[in-house]
Every structure is written in C-alpha cells, then in structure tokens.
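S.K.:
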Amino acid sequence: MATAGSGERWSLAGATALVTGGSKGIGHAIVEELAAFGARVHTCSRNAAELEECRRRWEEKGLTVTVSVCDVGVRADREKLMDTVRDTFAGKLDILVNNAAQLISKPAMEFTAEDYSRLMATNLESCFHLSQLAHPLLLKTSIAGGGSIVHISSIASVMALPELTLYSIAKAPGRLLGTAADDDQQPDVVRDGE
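The opening residue of the sequence shown carries number 322 in my numbering; numbering runs sequentially from there.
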C-alpha cells in the first residue's frame, strides 16, 4: 500500500479509475494503490461474494472504491460495466486498467473450441472493447498528462510456457494493442500502453 510520504509526491486526488478483475491478485493491489493515492476507483469481478467482501474491507480502510459484478468475457457485461462507470464518475474516466484475465492450464492439443473462445474473449477481446468504450470518457480526463489505458501483460506474452499455449496466444497481441492504439490517439489526451 502507498506509504505515508508517497502522498506528498504522488497524488491522484480527484482522479477516477476502472480496474477490471480487482477482487484478487494484481488487480486487487492496483485498486488499493490507486485508491490510497486518492483516486476514486471502480472495479469488477465475476464473483459477487468475493467482490462484496473486498468492498467492505476497502471501506474499512477509508478507500473510495465502488464495485459491480461483470464477466469481461461477455460483450453485454462490458457494455453494462462502462454504463455503470459513466454514471458513477459523471461521464469522466482518467485511468482504465485492463487487468482481468483467465488462465486454463492443459496440453495444447487438449484445448477445446470453448476454451479458445473463452480465453480470447476474456484476455484479448475485452481489453480492446473496453478501451474503445472508455475512450470517450478518457477524453474528458482531468489529470495532468491525459487519460491512461494500462493493459496488464504477462511473461507468457513473450515466451511459451508449458500448458499455457492459449493464454500465451491471447496475451501476446495485448502487448501490441497499447502501442498501436497509442499511435492512433491524441497522445496529449489519452496514453495507451502495457
């Protein structure tokens, strides 16, 4: 968590952030750090009970975090999530962190078509689609340097790992998504990267 002196140097007071997959792991840590630096954060997860427990603990710590259930692998859920974020933050978003991911571990020849569709929808399509949905909100950013989109990557995106073939295939394009999208946007308004 952010240290006491770090608030003097870094502040996200007044900033808004959406972090997908924030109920555990890296996403949970990102939610806590952004909120500790003063950002108002919204996060989502597929697990309602886990998400509510996190929300309660964040509230006890005095962190400003709102939550909603969302399966980022489902297009309609992503659209509903962005509607919630738009309403929660009055039409403005400063930071999007595409963190949610799914991992299925098995030998390459045992993956099914359903495994492929699920991993691609969650690990790749969601990042692209949420970035598109967030873009109009990010253009209204209030923080110095413009809005930011962060795609959480993995070592599996640069090297093959045993029994993680589809995960690697889904994560590798995400490395380019940030770079390519950044070239397409007004860099003084929205930054996109991994």
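C-beta: ideal position from N, C-alpha, C; glycine also. On a predicted model such as this, the values are computed, not experimentally measured, just so you know.
Using 8 Å as the limit for Cβ to Cβ distance, is Pro428 near chain D?
M.R.: Considering every chain present, this structure includes no chain D. It has just one protein chain.
S.K.: List the residues that DSSP assigns as beta-bridge partners of Asn419.
M.R.: The partner list for Asn419 (beta bridge, DSSP) reads His472.
S.K.: Using only CA atoms, which one of Ser474, Ile473, His456, Trp331 lies nearest to Gly467?
M.R.: Of the listed residues, the one whose Cα sits closest to Gly467 is His456.
S.K.: Could you check whether the stretch 334-347 touches the stretch 363-379, counting it as contact only if at least three pairs of C-beta atoms, one from each stretch, sit closer than 8 Å?
M.R.: Yes: the two stretches touch, three or more of their Cβ pairs being nearer than 8 Å.
S.K.: Taking Ala336 as the reference, give the member of Glu400, Ser389, Leu458 with the closest Cα.
M.R.: It is Leu458 whose Cα lies nearest to the Cα of Ala336.
S.K.: From the DSSP output, in three-state form, read off Glu515 for me.
M.R.: Note on Glu515: pLDDT 47, under 50, position unreliable in the model; the coordinate value appears next. Of the three classes helix, strand and coil, the one that applies to Glu515 here is coil, per DSSP.
S.K.: When you compare only the Cα positions, how much space is there between Glu371 and Val386?
M.R.: Looking at the two C-alpha atoms, the distance is approximately 14 Å.
S.K.: Measure the C-alpha to C-alpha separation of Lys461 and Arg361 and round it to an integer number of angstroms.
M.R.: In a straight line, the C-alpha of Lys461 is about 15 Å away from that of Arg361.
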